[in-house]
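Undergrad: Structure provided below as structure tokens; questions to follow.
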Amino acid sequence: MKNRFFLIAIVLISLFFSIACDGRVKTVKPGIDVLLDEQPGFLKGKRVGLITNPSGVNSQMESTVDLLYNHPDINLVALFGPEHGVRGDVTGGYKVDDFVDPKTNVPVYSLYGKTRKPTPEMLENVDVLIYDIQDIGSRAYTYIYTMALSMKAAAEKGKEFIVLDRPNPLGGNLVEGPVLDTAFSSFIGLYPIPFVYGLTVGELAQLFNTEFDINVDLTVIPLKNWNRNMTGDETGLEWVITSPHIPHSKTALFCAATGCIGELHTIDVGIGYTLPFELIGEEWIDAEKLSEELNSYQLPGVYFRPMHYKPYYFTREETQLQGVQIHIIDVAEFRPMVTQINILCAIRKLYPEQPIFETKRTSSFDKAMGTDKIRKEVWDGKSPVEIIAEWQDDLDAFMKIREKYLIY
């Protein structure tokens, strides 16, 4: 009898864990899967233009370019390349050229060269534009503005626009940072949204379309099996690099925490070493001192470990640096923008003689932050609590707008 109860208990426990594990690892289906699996006739008879890069893949890591080109009911007539290019072979910040894709023989038009918005000539033989690029969830990334400008171009020419939705690697609930002041609008921050906006790219497209009067004929092909609590590592999807220094989905969290600092080029953030955006270092920083200071703040979900390293390339090539490695201990608790402000304030406090903002890159920092207030307030010695409190009213207003565009 005891053995029987023991066996029943084992079976029930195994069943419980099997169900639980299935729930955890159930793979998210990106928009390209949903389109081709469930709506294959949606594009029949239409001439298709595709805006994409290597991150545009299905759940089996097959390229969206190849999937559309080889589909018998889809007529792929044009490709459009954002920063880094359709095949990801262009260095960040460098212009992308027009060319013919050697694999498909389809013309590729650059959206990061002479123009960042499709011209009427580019769209002349296109009926519908499709956007399929993995986002990283923070404002200072050019792809979402390639999407916005392409939406505008499509609206002006009466073309349809489709977004194949993808997960936000930061999850769908994290909303943080200053809302962009339109005086600092640029191609790394075009619209007044927070630095971390807590939307999928499809939800963001809907917000752009309505709130900023684009008014294109927009369709979002939604994700399946995704919920707002999922970060990139929890989707079951393999990560395909979105740009050379975002090698993993978790790197998007680090980028949100140090990316603006990295714009200065006066404080190293690990670009040129093996841990892009995960480090804070300089020749004049004392690793132990900085780690002790930052850990004393007891910031949520993060630990700062003393670090000594020598970058292999970029601005600090072959220079011995020291500082901290940022360890995200609890992704659910981690607040990247709170972390970034505290890092800046700690450096200003410990090294007041260092002119960290006296650089030709100051305007790049302000554009990335979406304001010059943070730079000025850090320099003036304001506390992180004071600085963060100042963006809260704008953030609360955005949250009310954002609510209207949530799909999941």
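Each residue of the sequence shown is one higher than the one before, starting from 472 at the first, in this note's numbering. Yeah, the Cβ is synthetic: ideal placement off N, Cα and C, and Gly gets one too. Since this is a predicted model, take the numbers as computed values, not measurements.
1) Going by DSSP, which residues form a beta bridge with A723?
2) Compare the beta carbon distance of I797 and I859 with 9 Å and say whether it is the shorter of the two.
3) Taking Cβ to Cβ, would you say F655 is nearer than 9 Å to G841?
4) For the alpha helix (DSSP H) that S767 lies in, which residues bound it at each end?
5) For the ligand ZN, any of its heavy atoms closer than 8 Å to the Cβ of I872?
6) By Cβ distance below 7 Å, which residues in the same chain neighbour T653 in space, the five residues on each side in sequence not counted?
7) Examine the Cβ distances between the stretch 822-840 and the stretch 741-749 and report whether three or more of them are shorter than 8 Å.
8) Indicate whether E753 and D739 have their beta-carbon atoms separated by less than 9 Å.
9) Does DSSP classify Y783 as helix, strand or coil?
10) Please list the segments of the beta strand (DSSP E) lying wholly inside the stretch 506-580, counting only runs of 3 or more residues, in order along the chain.
11) My assumption, with CB atoms under 8 Å, is that E627 sits in contact with I878. Please give the rounded CB distance.
12) What separation, rounded to the nearest whole angstrom, lies between the Cα atoms of N680 and V687?
13) Looking at the structure shown, is S835 part of a helix, part of a strand, or coil, going by DSSP?
14) When the Cα of L661 is compared with those of T613, G642, Y668 and E631, which residue comes out closest?
15) With three or more beta-carbon pairs closer than 8 Å as the criterion, would you say the stretch 604-624 touches the stretch 844-851?
16) Would a check of beta-carbon distances place E533 closer than 9 Å to chain C?
17) Quick check on this structure: which residue in Y616, L750 and L670 has the alpha carbon closest to the alpha carbon of K875?
18) Provide the residue span of the beta strand (DSSP E) that contains L675, from first to last.
19) If I measure Cβ to Cβ from L514 and keep anything under 6 Å in the same chain, skipping five residues before and after, which residues do I get?
20) Does DSSP classify S489 as helix, strand or coil?
21) Is it true that the CB of R637 sits closer than 9 Å to the CB of Q605?
22) Does the stretch 535-553 come close enough to the stretch 568-584 that 3 or more CB-CB pairs lie under 8 Å?
23) So for E753, helix, strand or coil by DSSP?
24) Taking DSSP as the reference, what is the three-state secondary structure of R637?
25) So, is W755 buried or exposed, given that buried needs 16 or more other C-beta atoms within 10 angstroms?
26) What would DSSP say about E631, mapped onto helix, strand or coil?
27) Count the C-beta pairs between the stretch 777-789 and the stretch 694-703 that are closer than 8 Å, then say yes if the count reaches three, no if not.
28) Buried or exposed: which applies to N524, given that a residue is buried once 16 or more other Cβ atoms fall within 10 Å of its Cβ?
29) Quick one: Cα of T800 to Cα of F666, how far?
30) Less than 9 Å between the C-beta atoms of P501 and N529, yes or no?
31) For E595, count the other beta carbons within 10 Å of its own beta carbon; 16 or more makes it buried, fewer makes it exposed. Which is it?
32) Hey, M593 and G527: beta-carbon distance below 9 Å or not?
33) As a quick exercise: from Y602, D572 and Q793, pick the residue whose alpha carbon is nearest that of T690.
34) Kindly list the residues whose CB is nearer than 7 Å to the CB of F725, restricted to its own chain and excluding five residues on each side of it in sequence; keep chain order.
35) Looking at C-alpha atoms only, which residue of N644, Y668 and P649 is the closest neighbour of M701?
36) For T590, does the count of other Cβ atoms within 10 angstroms reach 16, so buried, or fall short, so exposed?
TA: By the coordinates alone:
1) Against the sequence shown, residue 723 aligns to sequence position 252. In the DSSP assignment, A723 is bridged to no other residue.
2) Residue numbering aside, residue 797 sits at position 326 when the sequence shown is read from its first letter. Residue numbering aside, residue 859 sits at position 388 when the sequence shown is read from its first letter. No, they are not a contact pair.
3) Residue numbering aside, residue 655 sits at position 184 when the sequence shown is read from its first letter. Residue numbering aside, residue 841 sits at position 370 when the sequence shown is read from its first letter. With respect to the 9 Å criterion, F655 and G841 are classified as neighbours on the basis of their beta carbons.
4) Mapped onto the sequence shown, residue 767 falls at position 296. For S767, the enclosing alpha helix (DSSP H) starts and ends at A758 to S767.
5) Summarising the ligand content, the structure contains no ligands, and the ligand ZN is consequently not present.
6) In the sequence shown, counting from the first residue as 1, residue 653 sits at position 182. Only P663 meet the Cβ criterion.
7) These segments do not touch.
8) Counted from its first residue, the sequence shown places residue 753 at position 282. Counted from its first residue, the sequence shown places residue 739 at position 268. In contact: E753 and D739 (Cβ atoms closer than 9 Å).
9) Position 312 of the sequence shown, counted from the start, is the residue given in the question as residue 783. Looking at Y783 - three-state DSSP - the assignment turns out to be coil, as it is neither helix nor strand.
10) If we require 3 residues or more, the beta strand (DSSP E) runs fully inside the stretch 506-580 come out as 518-523 and 546-552.
11) Counting from 1 along the sequence shown, the entry for residue 627 is found at position 156. Counting from 1 along the sequence shown, the entry for residue 878 is found at position 407. The pair is not a contact, with the Cβ atoms about 26 Å apart (cut-off 8 Å).
12) Start at 1 with the first residue of the sequence shown, and residue 680 comes out as number 209. Start at 1 with the first residue of the sequence shown, and residue 687 comes out as number 216. Between N680 and V687, the C-alpha separation is close to 7 Å.
13) For the purposes of this step, residue 835 is taken as residue 364 along the sequence shown, with counting starting at 1. In the three-state DSSP reduction, S835 falls in the helix class (H, G or I).
14) Within the sequence shown, numbered from 1, the residue matching residue 661 stands at position 190. The shortest Cα separation from L661 among T613, G642, Y668 and E631 belongs to T613.
15) Flag = no, the stretch 604-624 and the stretch 844-851 do not touch.
16) The structure shown contains no chain C; it holds only a single protein chain.
17) Taking the first residue of the sequence shown as position 1, residue 875 is located at position 404. The residue with the shortest Cα to Cα distance from K875 is L670.
18) Taking the first residue of the sequence shown as position 1, residue 675 is located at position 204. Segment V672 to E682 is the alpha helix (DSSP H) holding L675; no beta strand (DSSP E) there.
19) As a position in the sequence shown, residue 514 is number 43, starting the count at 1. If we look at L514 and ignore the five residues flanking it on each side, its Cβ neighbours are I545.
20) In the sequence shown, residue 489 corresponds to position 18, counting from 1. Low confidence applies here, because S489 scores a pLDDT of 38, under 50, leaving its location unreliable; read the following figure in that light. Secondary structure at S489: helix, using DSSP grouped into helix, strand and coil.
21) Numbered from 1 along the sequence shown, position 134 holds the residue referred to as residue 605. Numbered from 1 along the sequence shown, position 166 holds the residue referred to as residue 637. Against a cut-off of 9 Å, the Cβ pair of R637 and Q605 comes out as a contact.
22) They touch, by the three-pair rule.
23) Working through the sequence shown from its first residue, we reach residue 753 at position 282. In the three-state reduction of the DSSP assignment, E753 falls in the strand class.
24) In the sequence shown, residue 637 corresponds to position 166, counting from 1. DSSP places R637 outside both helix and strand once states are collapsed to three, so it counts as coil.
25) Residue 755 sits at position 284 when you count from the first residue of the sequence shown. Answer is exposed; the Cβ neighbour count stays below 16.
26) Taking the first residue of the sequence shown as 1, we reach residue 631 at position 160. Looking at E631 - three-state DSSP - the assignment turns out to be strand.
27) Fewer than three pairs of CB atoms, one per stretch, sit closer than 8 Å, so the stretch 777-789 makes no contact with the stretch 694-703.
28) As a position in the sequence shown, residue 524 is number 53, starting the count at 1. The residue in question, N524, is buried, as its Cβ has 16 or more Cβ neighbours within 10 Å.
29) Your numbering for residue 800 matches position 329 in the sequence shown. Your numbering for residue 666 matches position 195 in the sequence shown. A small correction: the amino acid at residue 800 is Ile; Thr does not occupy that position in the sequence shown. When rounded, the distance between both Cα atoms is 22 Å.
30) Residue mapping note: residue 501 aligns to position 30 of the sequence shown, counting from 1. Residue mapping note: residue 529 aligns to position 58 of the sequence shown, counting from 1. With respect to N529, P501 sits close: the two C-beta atoms are nearer than 9 Å.
31) For the purposes of this step, residue 595 is identified with residue 124 of the sequence shown, where counting begins at 1. Exposure of E595 is indicated by the presence of fewer than 16 other C-beta atoms within 10 angstroms of its C-beta.
32) In the sequence shown, residue 593 corresponds to position 122, counting from 1. In the sequence shown, residue 527 corresponds to position 56, counting from 1. By the CB criterion at 9 Å, M593 and G527 fall outside the cutoff.
33) For this step, residue 690 is matched to residue 219 along the sequence shown. Closest option to T690, Cα to Cα, is Y602.
34) As a working note, residue 725 is residue 254 in the sequence shown. Closer than 7 Å at the Cβ level, and outside the excluded window around F725, lie F748, E749 and I797.
35) Position 230 of the sequence shown, counted from the first residue, corresponds to residue 701. Comparing Cα positions, the closest option is N644.
36) By one-based count along the sequence shown, residue 590 stands at place 119. T590 comes out exposed.
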